[in-house]
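Shown next, in structure tokens, is the structure this report addresses.
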Amino acid sequence: MLGGIRDAGDDIKAVGIWEQGPAVAMEETEKLISELAAAATDTKGMIDTVGMRSLKDIGYRMAELQSRLHHDYSTKLEKLQAISDEAEACGQLYQQMEALLEQHENSVQFLQEDKKKSRKR
Numbered sequence: 001m002l003g004g005i006r007d008a009g010d011d012i013k014a015v016g017i018w019e020q021g022p023a024v025a026m027e028e029t030e031k032l033i034s035e036l037a038a039a040a041t042d043t044k045g046m047i048d049t050v051g052m053r054s055l056k057d058i059g060y061r062m063a064e065l066q067s068r069l070h071h072d073y074s075t076k077l078e079k080l081q082a083i084s085d086e087a088e089a090c091g092q093l094y095q096q097m098e099a100l101l102e103q104h105e106n107s108v109q110f111l112q113e114d115k116k117k118s119r120k121r
């Protein structure tokens with residue numbers, strides 16, 4: 001038998017074995033069973049090896065993707081924090097300007113005082 005395909009030679013050999021007697025036929029059958037079991041064990045070992053390697057590769061890839069995700073998250077968080085800080089500074093400036101405007105009777109008076117302060121600097 002070659003690669004699981006039976007040919008006429010296998011059938012002739014099987015008939016020849018039976019002609020030699022049941023003891024020889026049993027011996028040959030046990031030999032074939034043993035070879036089949038060994039082949040199954042080898043195949044299982046190969047599948048286990050390939051499976052373990054695949055699992056390791058998946059684990060490495062997941063770790064790489066987690067690292068990239070963490071980096072992207074950190075970068076975006078830093079950018080958002082900078083935008084938030086800038087927005088907060090603008091809000092504080094607006095509140096200061098609003099408070100200064102409320103302290104004066106009109107905007108002309110505010111501008112005159114602002115001009116005086118600018119000259120002092």
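The sequence shown: position 105 = 105 (full-length UniProt numbering), numbered continuously.
From the three backbone atoms N, C-alpha and C, an ideal C-beta is built for every residue, glycine too.
C-alpha gap between residue i and residue j, whole angstroms
i: residue 74; j: residue 100; result: 39 angstroms
i: residue 88; j: residue 82; result: 10 angstroms
i: residue 65; j: residue 118; result: 55 angstroms
i: residue 71; j: residue 59; result: 18 angstroms
i: residue 147; j: residue 23; result: The requested residue 147 does not occur in the structure, where the chain is confined to residues 1 to 121.
i: residue 39; j: residue 61; result: 33 angstroms
i: residue 69; j: residue 95; result: 38 angstroms
For residue i, three-class secondary structure by DSSP
i: residue 71; result: helix
i: residue 91; result: helix
i: residue 114; result: helix
i: residue 51; result: helix
i: residue 1; result: Below a pLDDT of 50, predicted positions are generally treated as unreliable, and residue 1, at 45, falls in that range; the measurement from the model is reported next regardless. If DSSP states are grouped into helix, strand and coil, residue 1 belongs with coil.
i: residue 59; result: helix
i: residue 21; result: coil
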